[in-house]
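Q:
There are 2 protein chains.
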Amino acid sequence: MKMTDGQTKYLASFIDELSHSGVENAVICPGSRSTPLAYLLAEHPKIKVYMQIDERSASFFALGMAKSTKKPVVLLCTSGTAAANFYPAIIEAYYSRVPLIVLTADRPHELRDVGAPQAIDQIHLYGKHVKWFNEMAVPEESKEMYRYAKNVSSRAVQISLQPPEGPVHINFPLREPLVPNLLIENLFETQHKLISVHNDGVLTLHTNDWEMLASRLPEKGLIICGVIDNKKFKEAVIQLSHHLAYPIIADPLSQMRSNIPDGHLIIDCYDAFLRNRDVVNHFQPEIIIRFGGMPVSKALLKYLSHYEDIPQIVVDNSLGMRRDPAGTATNVIYSDETIFCQEIVKHSLAKDISPWANQWMNVNAKVKNLLSKVENEIEMNEGKVVYELQKKLPNDACLFVANSMPIRDVDTFFHNTSKNIRIMANRGANGIDGVVSSALGASINHQKTVLLIGDLSFYHDLNGLLAAKMHNLNITIIVVNNNGGGIFSFLPQRDEEQHFELLFGTPTNLSFEHASKLYNGEYRKVENWEQFHQFFTESIGFEGLFIIEVFTNREQNKTSHQELWNLVNDEISKYLKDV
Amino acid sequence: MKMTDGQTKYLASFIDELSHSGVENAVICPGSRSTPLAYLLAEHPKIKVYMQIDERSASFFALGMAKSTKKPVVLLCTSGTAAANFYPAIIEAYYSRVPLIVLTADRPHELRDVGAPQAIDQIHLYGKHVKWFNEMAVPEESKEMYRYAKNVSSRAVQISLQPPEGPVHINFPLREPLVPNLLIENLFETQHKLISVHNDGVLTLHTNDWEMLASRLPEKGLIICGVIDNKKFKEAVIQLSHHLAYPIIADPLSQMRSNIPDGHLIIDCYDAFLRNRDVVNHFQPEIIIRFGGMPVSKALLKYLSHYEDIPQIVVDNSLGMRRDPAGTATNVIYSDETIFCQEIVKHSLAKDISPWANQWMNVNAKVKNLLSKVENEIEMNEGKVVYELQKKLPNDACLFVANSMPIRDVDTFFHNTSKNIRIMANRGANGIDGVVSSALGASINHQKTVLLIGDLSFYHDLNGLLAAKMHNLNITIIVVNNNGGGIFSFLPQRDEEQHFELLFGTPTNLSFEHASKLYNGEYRKVENWEQFHQFFTESIGFEGLFIIEVFTNREQNKTSHQELWNLVNDEISKYLKDV
Numbered sequence: 006m007k008m009t010d011g012q013t014k015y016l017a018s019f020i021d022e023l024s025h026s027g028v029e030n031a032v033i034c035p036g037s038r039s040t041p042l043a044y045l046l047a048e049h050p051k052i053k054v055y056m057q058i059d060e061r062s063a064s065f066f067a068l069g070m071a072k073s074t075k076k077p078v079v080l081l082c083t084s085g086t087a088a089a090n091f092y093p094a095i096i097e098a099y100y101s102r103v104p105l106i107v108l109t110a111d112r113p114h115e116l117r118d119v120g121a122p123q124a125i126d127q128i129h130l131y132g133k134h135v136k137w138f139n140e141m142a143v144p145e146e147s148k149e150m151y152r153y154a155k156n157v158s159s160r161a162v163q164i165s166l167q168p169p170e171g172p173v174h175i176n177f178p179l180r181e182p183l184v185p186n187l188l189i190e191n192l193f194e195t196q197h198k199l200i201s202v203h204n205d206g207v208l209t210l211h212t213n214d215w216e217m218l219a220s221r222l223p224e225k226g227l228i229i230c231g232v233i234d235n236k237k238f239k240e241a242v243i244q245l246s247h248h249l250a251y252p253i254i255a256d257p258l259s260q261m262r263s264n265i266p267d268g269h270l271i272i273d274c275y276d277a278f279l280r281n282r283d284v285v286n287h288f289q290p291e292i293i294i295r296f297g298g299m300p301v302s303k304a305l306l307k308y309l310s311h312y313e314d315i316p317q318i319v320v321d322n323s324l325g326m327r328r329d330p331a332g333t334a335t336n337v338i339y340s341d342e343t344i345f346c347q348e349i350v351k352h353s354l355a356k357d358i359s360p361w362a363n364q365w366m367n368v369n370a371k372v373k374n375l376l377s378k379v380e381n382e383i384e385m386n387e388g389k390v391v392y393e394l395q396k397k398l399p400n401d402a403c404l405f406v407a408n409s410m411p412i413r414d415v416d417t418f419f420h421n422t423s424k425n426i427r428i429m430a431n432r433g434a435n436g437i438d439g440v441v442s443s444a445l446g447a448s449i450n451h452q453k454t455v456l457l458i459g460d461l462s463f464y465h466d467l468n469g470l471l472a473a474k475m476h477n478l479n480i481t482i483i484v485v486n487n488n489g490g491g492i493f494s495f496l497p498q499r500d501e502e503q504h505f506e507l508l509f510g511t512p513t514n515l516s517f518e519h520a521s522k523l524y525n526g527e528y529r530k531v532e533n534w535e536q537f538h539q540f541f542t543e544s545i546g547f548e549g550l551f552i553i554e555v556f557t558n559r560e561q562n563k564t565s566h567q568e569l570w571n572l573v574n575d576e577i578s579k580y581l582k583d584v
Numbered sequence: 006m007k008m009t010d011g012q013t014k015y016l017a018s019f020i021d022e023l024s025h026s027g028v029e030n031a032v033i034c035p036g037s038r039s040t041p042l043a044y045l046l047a048e049h050p051k052i053k054v055y056m057q058i059d060e061r062s063a064s065f066f067a068l069g070m071a072k073s074t075k076k077p078v079v080l081l082c083t084s085g086t087a088a089a090n091f092y093p094a095i096i097e098a099y100y101s102r103v104p105l106i107v108l109t110a111d112r113p114h115e116l117r118d119v120g121a122p123q124a125i126d127q128i129h130l131y132g133k134h135v136k137w138f139n140e141m142a143v144p145e146e147s148k149e150m151y152r153y154a155k156n157v158s159s160r161a162v163q164i165s166l167q168p169p170e171g172p173v174h175i176n177f178p179l180r181e182p183l184v185p186n187l188l189i190e191n192l193f194e195t196q197h198k199l200i201s202v203h204n205d206g207v208l209t210l211h212t213n214d215w216e217m218l219a220s221r222l223p224e225k226g227l228i229i230c231g232v233i234d235n236k237k238f239k240e241a242v243i244q245l246s247h248h249l250a251y252p253i254i255a256d257p258l259s260q261m262r263s264n265i266p267d268g269h270l271i272i273d274c275y276d277a278f279l280r281n282r283d284v285v286n287h288f289q290p291e292i293i294i295r296f297g298g299m300p301v302s303k304a305l306l307k308y309l310s311h312y313e314d315i316p317q318i319v320v321d322n323s324l325g326m327r328r329d330p331a332g333t334a335t336n337v338i339y340s341d342e343t344i345f346c347q348e349i350v351k352h353s354l355a356k357d358i359s360p361w362a363n364q365w366m367n368v369n370a371k372v373k374n375l376l377s378k379v380e381n382e383i384e385m386n387e388g389k390v391v392y393e394l395q396k397k398l399p400n401d402a403c404l405f406v407a408n409s410m411p412i413r414d415v416d417t418f419f420h421n422t423s424k425n426i427r428i429m430a431n432r433g434a435n436g437i438d439g440v441v442s443s444a445l446g447a448s449i450n451h452q453k454t455v456l457l458i459g460d461l462s463f464y465h466d467l468n469g470l471l472a473a474k475m476h477n478l479n480i481t482i483i484v485v486n487n488n489g490g491g492i493f494s495f496l497p498q499r500d501e502e503q504h505f506e507l508l509f510g511t512p513t514n515l516s517f518e519h520a521s522k523l524y525n526g527e528y529r530k531v532e533n534w535e536q537f538h539q540f541f542t543e544s545i546g547f548e549g550l551f552i553i554e555v556f557t558n559r560e561q562n563k564t565s566h567q568e569l570w571n572l573v574n575d576e577i578s579k580y581l582k583d584v
């Protein structure tokens with residue numbers, strides 16, 4: 006028994022319109038209720054399908070793909086708890102502004118809330134963490150219904166792409182029979198009438214607002230680029246920085262630490278030196294301009310809190326959003342970030358490099374030099390892993406960084422490089438979940454992807470590795486295994502001996518060689534720096550999954566970080582006395 | 006820096022009251038924001054703490070534990086997507102009526118929706134899938150606030166335990182510092198004033214309603230016991246069945262297929278013979294009385310639909326619930342199920358075994374004999390795995406069964422046994438997720454637990470195995486590996502060659518020896534029945550994780566099942582002609 010041609014056509018109209026609206030990739034989890042949508046996605050000539058068994062990994066895989074390609078990715082599963090497994094990735098997509106089109110198959114109305122199998126309440130299943138929810142009509146044959154299906158489809162894609170980009174959820178009640186008729190003529194439209202493509206509007210200010218803003222820019226300005234991944238913006242903000250002679254505090258996820266021809270105004274060691282009270286007092290700004298999601302550095306956040314009375318402009322391309330956890334913004338400007346930079350340049354006069362900018366550059370250079378001492382570490386050390394990685398990464402690589410310690414170490418030890426390196430991380434909700442899958446999703450769009458990840462986060466998404474095997478993906482995974490939750494050693498919990506290892510250290514005593522074998526990966530255990538370099542080089546030329554496990558020690562690691570920060574602290578205080 | 010004594014006392018009051026209300030076990034996932042609650046749970050003398058890294062596995066572990074102990078289990082995690090990973094297990098708990106106390110740490114109000122790290126909207130995070138949501142006040146010192154904390158705590162436990170039992174969610178906004186002072190005097194109350202313990206009311210009918218009901222019971226009655234796990238009910242319904250001479254259609258999850266001294270009225274092969282149209286026509290009931298969640302058998306569901314005009318009483322202990330996917334119930338009686346059985350016995354006259362009951366027993370016996378032919382299978386066969394398992398299971402074992410094929414095979418091949426075997430499964434939403442963890446959670450309450458699971462479901466929750474290693478749990482896991490989604494071979498999708506393997510077969514080509522090694526398990530690959538018996542016997546005496554992998558073939562499996570059903574079909578039709 007098959008669906009009627011009309012029912013098939015209704016669902017085909019929806020799927021086809023996704024493609025016409027720009028969707029190219031779909032991640033599908035197997036299931037029965039979702040059968041017709043799965044068939045139609047697989048059958049569509051312009052949509053590439055990736056199967057995934059574990060819906061949680063599947064959804065983070067789609068997230069990584071959408072993040073990396075900057076195009077919405079379809080995510081499909083059957084009814085029941087399958088759909089609930091998407092929740093963490095959907096929340097991450099919502100807060101990190103990544104477009105996802107989540108399609109869930111559902112039981113039809115008569116099978117809801119009556120104890121039918123795999124029937125849960127899927128209406129608004131993801132609560133406030135999707136931009137749009139739509140419950141579809143049960144498939145029916147009529148031109149009006151096909152049009153309706155197309156309109157919902159194109160609207161779903163549009164909404165997902167409008168700033169702030171994010172996930173949308175469409176729920177499909179479906180009755181048996183569930184097999185569509187793929188043989189009907191013109192299943193998909195070859196000639197598409199552009200009924201629903203718009204050029205989306207862009208936020209900007211009135212000309213006189215730009216003029217007024219541009220006229221009020223003092224000498225001691227600072228640009229802070231947080232999490233923002235946009236080539237045009239990158240060019241524009243560098244131009245702005247040069248034009249105003251304002252240094253750019255560049256978070257690793259701002260993409261401002263690589264491939265910048267004239268990068269002298271890029272400040273990339275602030276996390277180390279803004280821990281110093283003298284530095285904070287010394288660098289009193291007159292204005293701060295912030296772009297993107299909050300930077301990783303806690304030292305920077307404290308710097309912002311210290312200067313809470315200084316004018317601080319936060320620029321955001323999405324009305325009503327507020328990325329300002331310290332609550333120190335004095336002015337939120339809703340404007341496309343690129344336009345902001347261009348308009349300010351247009352309306353203001355170019356400035357010369359000031360002592361203010363020079364001092365930022367000098368301190369940064371000095372600290373960079375001090376941090377390079379991490380190179381001398383003989384033991385396997387988490388900071389040095391990042392330091393060496395940066396030297397060895399090939400041009401055009403994507404470096405995906407897990408949360409907790411890795412992103413902090415990248416913040417401290419990954420400095421501005423002439424290579425083109427795209428750094429990515431899940432910084433919407435900063436979870437340790439789904440990172441392997443996110444990196445693998447991103448890998449479909451890069452020649453070479455390297456994931457830097459701790460042991461707990463790696464364990465959390467081991468299932469994600471199956472995608473590398475099933476879809477022949479290329480990735481180097483560097484697992485920094487400090488046997489537990491390394492970050493807690495840096496927090497006040499560490500001062501309590503009682504219950505610490507039980508609740509926070511959480512050693513799992515896992516070695517991941519067996520995980521690598523399970524998924525047909527190449528595996529290398531690193532015991533010294535020579536091996537690290539050798540295996541990393543080997544992995545870059547390798548096609549497939551390559552896991553490099555580096556064992557480190559949580560306590561040693563804390564001590565080593567602390568010593569380096571103390572060194573920076575002392576040297577910089579001395580230096581400032583002489584300035 | 007530590008929390009004030011008052012803030013500590015506020016949270017300690019909450020945790021202490023959980024214990025006084027009957028909570029004995031807590032599953033904790035590491036995190037920073039949840040620090041004070043984690044410390045207080047670990048410090049409480051009467052609460053046992055289980056750490057888990059992956060929140061999804063953690064939550065299913067808690068679910069299995071609560072299901073098995075029939076006591077609410079606390080589940081704690083930090084803020085952010087960690088909490089979203091609980092969603093699938095919470096949904097399962099909601100639909101399978103399992104009490105869980107979900108505690109999530111949250112950022113305080115001033116850090117919400119301003120881009121702070123790990124801050125998501127946790128208010129009503131689980132939507133309609135918890136029975137109660139409560140947003141706590143930020144900790145404060147005062148007797149009134151301690152009392153408030155205690156009241157919420159005891160109420161949370163109570164609500165979780167009232168029929169229908171289920172999950173509740175309490176969200177805790179917490180400010181830094183996060184380390185509580187465990188040294189304060191009388192952190193927990195040794196002498197507890199019983200301010201909040203009630204004897205919960207039980208649903209029953211008025212006496213004359215019972216009399217009326219009991220007076221209307223015809224000869225040809227049928228009792229159907231679906232998913233229900235309650236010793237008192239088991240005794241009462243068997244007494245009812247004998248009293249009325251009504252056969253009991255016993256789903257494997259009704260616990261009615263084991264340890265029944267006088268079990269001649271138990272019908273346990275109906276899934277095989279109700280596929281036969283002649284049988285369905287032959288067994289026309291005059292009344293049907295149903296208890297518990299919907300049985301697994303689709304053949305039984307069709308039988309119910311066939312007799313939609315026959316009086317069908319559905320008994321449910323929870324007002325407003327409706328477990329009736331076929332919509333064929335003519336009367337829903339809201340009453341405690343045990344009381345229902347006892348009251349009907351009290352108000353009705355005992356009946357003798359009728360031809361109606363005899364024929365059910367005869368057909369059942371005949372079919373049981375036919376199904377036993379599965380024993381002759383020489384190849385590794387999924388039905389025979391269950392058949393042999395039943396023979397080999399030790400007394401007092403818990404058999405946890407995964408969804409999809411395993412539960413269906415148990416329905417067909419696990420027949421009434423004199424041993425005491427508790428059969429469990431996640432039949433709230435019937436997901437293939439979280440099954441390893443659920444079984445491990447259940448194992449803390451049983452001398453020996455055996456999990457029967459397919460390869461996709463096992464893969465889905467491989468992370469769950471870490472609990473066996475970290476908490477030294479005993480379990481035998483039988484993985485039936487047919488390299489993909491075996492159940493789809495039984496569905497209409499199988500008739501479509503195109504895209505079938507891609508979308509439904511989903512072969513992963515995983516062998517789980519490496520997974521076993523990762524978690525320090527014993528592993529055996531089974532190649533013949535002799536090995537199966539040998540390894541299974543070995544596993545029963547083993548302390549720890551023991552994985553037995555049985556490789557089967559999806560197509561062979563379908564054919565073998567089909568042949569057996571055809572045999573049953575032919576033989577029973579012949580038999581009925583002679584009756």
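Chains as they are written, first to last, in the working numbering: chain A, 6 to 584; chain B, 6 to 584. Heads up, the beta-carbon is just placed ideally off N, CA and C, and yes, glycines get one too.
Would you say A:Leu-507 faces chain B, with C-beta separation under 8 Å as the test?
A: The residue given as residue 507 of chain A occupies position 502 in the first sequence. Cβ-Cβ to chain B under 8 Å: yes for A:Leu-507.
Q: What are the boundary residues of the alpha helix (DSSP H) that includes B:Cys-346?
A: Here residue 346 of chain B is taken as the residue at index 341 of the second sequence, counted from 1. Taken as a continuous stretch (DSSP letters only), the alpha helix (DSSP H) holding B:Cys-346 covers 342-352.
Q: Can you list, in chain order, the residues of the segment 511-542 of chain B whose Cβ is nearer than 7 Å to any Cβ on chain A?
A: Thr-511, Thr-513, Leu-515, His-519, Ala-520, Lys-522, Leu-523
Q: Give a yes or no on whether the C-beta atoms belonging to A:Arg-295 and A:Ile-229 are separated by under 8 Å.
A: Position 290 of the first sequence, counting from 1, holds the residue named residue 295 of chain A. Position 224 of the first sequence, counting from 1, holds the residue named residue 229 of chain A. Contact: yes.
Q: Apart from the five residues just before and just after A:Val-406, which ones in its own chain have a Cβ nearer than 6 Å to its Cβ?
A: Your numbering for residue 406 of chain A matches position 401 in the first sequence. Only Ile-412, Val-415, Ala-430, Leu-457 meet the Cβ criterion.
Q: Identify whether A:Pro-300 lies in helix, strand or coil by the three-state DSSP scheme.
A: The residue you call residue 300 of chain A lines up with position 295 of the first sequence. Three-state DSSP puts A:Pro-300 in coil, outside helix and strand.
Q: Going along the segment 82-95 of chain B in order, which residues come within less than 7 Å of chain A, judged by CB to CB distance?
A: Gly-85, Thr-86, Ala-87, Ala-89, Asn-90, Tyr-92, Pro-93
Q: So, helix, strand or coil for B:Ala-63, using DSSP?
A: On the second sequence, residue 63 of chain B is found 58 positions in, with the first residue counted as 1. Helix, per DSSP.
Q: Could you pull the start and end residues of the beta strand (DSSP E) that A:Asp-575 belongs to?
A: Taking the first residue of the first sequence as 1, we reach residue 575 of chain A at position 570. Unbroken run through A:Asp-575 is the alpha helix (DSSP H), 559-583; no beta strand (DSSP E).
Q: Considering A:Lys-530, what are the terminal residues of the beta strand (DSSP E) in which it resides?
A: In the first sequence, residue 530 of chain A corresponds to position 525, counting from 1. 527-531 is the span of the beta strand (DSSP E), which, as asked, contains A:Lys-530.
Q: B:Lys-133 touches chain A at which residues, Cβ-Cβ below 7 Å?
A: Indexing the second sequence from 1 puts residue 133 of chain B at position 128. Near B:Lys-133 (Cβ distances below 7 Å), the residues of chain A are Asp-126.
Q: Taking a contact to mean a Cβ-Cβ separation below 8 Å, would you say A:Gly-489 touches A:Leu-461 in this structure?
A: If you number the first sequence from 1, residue 489 of chain A lands on position 484. If you number the first sequence from 1, residue 461 of chain A lands on position 456. For A:Gly-489 and A:Leu-461, yes; Cβs fall inside 8 Å.
Q: So, does the segment 298-309 of chain B touch the segment 255-263 of chain B, judging by three or more C-beta pairs under 8 Å?
A: The segment 298-309 of chain B is in contact with the segment 255-263 of chain B.
Q: Would you please verify whether the beta carbon of A:Ala-1 is less than 8 Å from any beta carbon of chain B?
A: Residue 1 of chain A lies beyond the stretch modelled for chain A, which goes from 6 to 584, so this question has no answer here.
Q: May I ask which residues mark the beginning and end of the alpha helix (DSSP H) holding B:Met-475?
A: Translated into the one-based positions of the second sequence, residue 475 of chain B becomes position 470. Looking at the DSSP string, the run of the alpha helix (DSSP H) that includes B:Met-475 is 470-475.
Q: May I ask which residues mark the beginning and end of the beta strand (DSSP E) holding B:Tyr-55?
A: Indexing the second sequence from 1 puts residue 55 of chain B at position 50. It spans 53-56 - the beta strand (DSSP E) in which B:Tyr-55 sits, taken as one unbroken run.
Q: Counting contacts by CB-CB distance shorter than 8 Å, is B:Ile-175 in contact with chain A?
A: Here residue 175 of chain B refers to the residue found at position 170 of the second sequence. Closer than 8 Å: no.
Q: Can you list, in chain order, the residues of its chain whose CB lies under 8 Å from that of B:Lys-225, leaving out five sequence neighbours each side?
A: Position 220 of the second sequence, counting from 1, holds the residue named residue 225 of chain B. Cβ neighbours of B:Lys-225 within its own chain (closer than 8 Å, five residues either side excluded): Gln-289, Pro-290, Glu-291, Ile-292, Ser-359, Trp-361.
Q: Return the bridge partner residues of A:Ile-272 from the DSSP annotation.
A: Counting from 1 along the first sequence, the entry for residue 272 of chain A is found at position 267. Note: A:Ile-272 sits in a beta bridge opposite A:Ile-254.
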